[in-house]
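**Student:** Have a look at this one.
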Amino acid sequence: MALHRSKPPLLIILLLLVVALVVPSAATSAALVGVNYGRVGDNLPPSETVPRLLASIGVGRVRLYDADPAVLRAFANTGVELVVGMPDRCLPPVAADSAEALAWARAHVQAFVPAVKIVAVTVGNEVLTGANASALAHCLVPAMENLHGALASLGLDRDVAVTSAHSLAVLATPSYPPSGAVFRPDLLPYVRPLLAFHARTGSPFFVNAYPYFAYVSDPSGVALEYALLDQGSAAFTDPATGLRYANLLHAQVDAVYHAIAAAASHSSKGGGVELRVSETGWPSAGDANETGATPENAARAEGDAARPVPGTPLRAYVFALFNENQKAGPSSERNYGLFKPDGTPAYQLVGVSMHQGSNSTSTSTSADGIGGDGEASTTGSDGESGFFSISAASPDWQCLAATSAAIAGASVFLKLL
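Counting from 1, one number per residue, gives the positions in the sequence shown under full-length UniProt numbering.
Next up, the structure:
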């Protein structure tokens, strides 16, 4: 059994990395957690106040969904690492014309570096499974290729990775069991060249993984504790591999690794691709029929999200920084934020004492705060390793994937057990 001991919530781990009210660049240089900064709201604070809020909780990596100049300028000289987004509407022209890709790279990347620390560009969001998939899927890899070429011509390809974020709907089956996961057959003509691109350029494969969606779609079949990453939940054992998964997020991530391995096994291209979680989170409120969307569950999910993985760090971005009141869909869509628009916590952020009016916080650690490097043991009393593993395919694949995932890169990681 892997060791089950009490562990500090995510925000305590974050807060050990910062001193309150220091300048953003000092606070974020060693931060380990990324967050998605969405702006689909009409009551959000000015962008120039956001770096201070991030610094107050020790977050040094941010994913944006566009490359708005005003937002990029707000992060200048802060040291915050940014993943910026190329909107879906830009894919067709960028895919069709390398000059368009060069113009976009000049306007949205070159114009802001090095003052703004742009480390990656996501080309579209959930392009292969979104509402416009039929029109955009064939544009994805050509757009990525052209953008990468544009960055190379500007001397920025070594500093700025090119990737795209995908939903778990790219899989043909759910993450049960992880070892059986494969990509949808109709998407393989797009996925295989995509994996080859990642393998050739060294950029990561981004996936949006939400245990909440799996739970709310089948609350009687998915245990709440398992979906919440609760340390006391019963582990699931994959019958084909014997590997145990402590929670649903770990199973979802390993399912994608298996799918990558299966797709790459048909050729020499696509192996050794690193996987990063571009979105994961839990809503703090929802409609009456949205089971589990509560402040208590959101706090539990975020609090259990940062535990070490033996061998391989999983890099992830929490969704989201703010509640966004103009997002479409059920109420939960507008309640994923760590913070309300006024800068106060959307739910209890353990170890954080907010100072209203300044979008900043003072910090404290509880009596059960961790010391040293903040890592719990990854080996149980019976000598077995922790639950999560890059388990797919051959030992050669495992070695390649583990090596790739261990390389320090453009994004931030959560170490998961």
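By construction, the Cβ of each residue, glycine as well, lies at the ideal position given by its N, Cα and C atoms.
1. For phenylalanine 205, write down the residues that DSSP places opposite it in a beta bridge.
2. According to the Cβ coordinates, are glutamine 252 and serine 164 closer than 8 Å?
3. Rounded C-beta distance between valine 141 and phenylalanine 205? I'm assuming under 8 Å.
4. Run through DSSP, which three-state label would phenylalanine 75 get?
5. Helix, strand or coil for threonine 49, going by three-state DSSP, please let me know.
6. How would you write the range of the alpha helix (DSSP H) that valine 94 sits in, first residue to last?
7. Cα separation between alanine 99 and alanine 67?
8. Contact between the stretch 178-189 and the stretch 214-234 is defined here as three or more beta-carbon pairs at a separation below 8 Å; is this criterion met?
9. Three-state secondary structure (DSSP) at tyrosine 37?
10. Within 10 Å of its beta-carbon, does alanine 240 have 16 or more other beta-carbons around it, so buried, or fewer, so exposed?
11. In the DSSP assignment, the beta strand (DSSP E) including glycine 124 goes from what residue to what residue?
12. With a 10 Å radius around its C-beta and 16 neighbouring C-beta atoms as the bar for buried, classify arginine 63 as buried or exposed.
13. Residue range of the beta strand (DSSP E) that residue 420 falls in?
14. When you compare only the Cα positions, how much space is there between glycine 202 and asparagine 132?
15. By the 10 Å Cβ neighbour count, where 16 or more other Cβ atoms means buried, how is arginine 200 classified, buried or exposed?
16. In this structure, does DSSP put tyrosine 212 in helix, strand or coil?
17. Under 6 Å Cβ to Cβ from isoleucine 260, same chain only, skipping five residues before and after it: list those, please.
18. Given that a residue counts as buried once 16 or more other Cβ atoms are within 10 Å of its Cβ, and exposed if not, what is glycine 329?
19. Any idea what DSSP makes of serine 153, helix, strand or coil?
20. Which residues in the same chain have their Cβ closer than 6 Å to the Cβ of glutamate 81, if we skip the five residues on either side of it in sequence?
21. Would you report the Cα separation of leucine 44 and proline 51, rounded to the nearest angstrom?
22. Near proline 211, what residues of its chain come up, given a Cβ to Cβ distance below 6 Å and the 5 sequence neighbours on each side ignored?
23. Return the first residue and the last residue of the alpha helix (DSSP H) that histidine 166 is part of.
24. Assuming leucine 316 and arginine 276 make a contact with CB atoms under 8 Å, what is their CB distance in whole Å?
25. In terms of alpha-carbon separation, which member of Ala137, Ser332 and Pro93 lies closest to alanine 288?
26. Output the distance between the C-alpha atoms of tryptophan 282 and alanine 105, rounded to the nearest integer angstrom.
27. Please name the residue or residues paired with proline 345 in a DSSP beta bridge.
28. Pull the bridge partners of leucine 171 from the DSSP assignment, please.
29. What are the partner residues of residue 421, as DSSP defines its beta bridges?
30. What is the residue span of the beta strand (DSSP E) that alanine 316 lies within?
31. At what residues does the beta strand (DSSP E) containing valine 62 begin and finish?
32. Determine, using beta-carbon pairs with one atom in the stretch 143-153 and one in the stretch 88-95, whether at least three such pairs fall under 8 Å.
33. Reducing DSSP to helix, strand and coil, say where tyrosine 257 ends up.
34. Would the beta-carbon of glycine 292 fall within 8 Å of that of tyrosine 347?
35. For valine 182, I'd like the list of residues in its chain whose CB is within less than 6 Å of its CB, leaving aside the five on either flank, ordered along the chain.
36. Quick check on arginine 106: does DSSP put it in helix, strand or coil?
**Tutor:** On the basis of the data shown:
1. Partner(s): Leu275.
2. Contact flag unset, no.
3. In fact, because the Cβ distance is near 13 Å, the residues do not count as touching under 8 Å.
4. Here phenylalanine 75 sits in coil by DSSP.
5. Residue state, collapsed to three classes: helix.
6. Element bounds for valine 94: 91-96.
7. CA-CA distance, alanine 99 to alanine 67, rounds to 18 Å.
8. The stretch 178-189 is not in contact with the stretch 214-234.
9. In this structure, tyrosine 37 counts as coil in the three-state DSSP scheme.
10. So alanine 240 ends up on the exposed side.
11. Its beta strand (DSSP E) spans residues 117-125.
12. Flag for arginine 63 reads buried.
13. As shown, the chain starts at 1 and ends at 417. That puts residue 420 outside it, with no answer to give.
14. Going from the Cα of glycine 202 to the Cα of asparagine 132 covers about 28 Å.
15. Burial is judged here by how many other beta carbons sit within 10 angstroms of a residue's own beta carbon; arginine 200 has fewer than 16 and is exposed.
16. Residue state, collapsed to three classes: helix.
17. Result list for isoleucine 260: Val273, in chain order.
18. So glycine 329 ends up on the exposed side.
19. Helix at serine 153.
20. Excluding five sequence positions before and after glutamate 81, the CB atoms of its chain that fall closer than 6 Å to its own CB belong to Arg61, Lys117 and Val119, given in chain order.
21. Per the coordinates, the alpha-carbon of leucine 44 lies some 14 Å from the alpha-carbon of proline 51.
22. Excluding residues within five positions, the ones whose Cβ falls inside 6 Å are Ala227, Leu248 and Leu249.
23. Taken as a continuous stretch (DSSP letters only), histidine 166 belongs to no alpha helix (DSSP H), being part of the beta strand (DSSP E) at 161-167.
24. Contrary to the premise, residue 316 reads as alanine rather than leucine in this sequence. Approximately 7 Å separates the beta-carbon atoms of alanine 316 and arginine 276; this is inside 8 Å, confirming the contact.
25. If we check each option's Cα against that of alanine 288, Ser332 comes out closest.
26. If I take the Cα positions, the gap works out to 34 Å.
27. By DSSP's assignment, proline 345 forms a beta bridge with Phe339.
28. Residue pairing for leucine 171: DSSP places it in a beta bridge opposite Phe183.
29. What is shown of the chain runs 1 to 417, which leaves residue 421 out entirely.
30. Counting along the chain, the beta strand (DSSP E) containing alanine 316 begins and ends at 315-319.
31. Its beta strand (DSSP E) spans residues 61-63.
32. Verdict: yes, contact present.
33. Tyrosine 257 falls in the helix class under three-state DSSP.
34. In this structure, glycine 292 lies away from tyrosine 347, with their beta-carbon atoms at least 8 Å apart.
35. Excluding the 5 residues flanking it on each side, valine 182 has same chain C-beta neighbours closer than 6 Å at Ala172, Ala259 and Ala262, in chain order.
36. It is helical.
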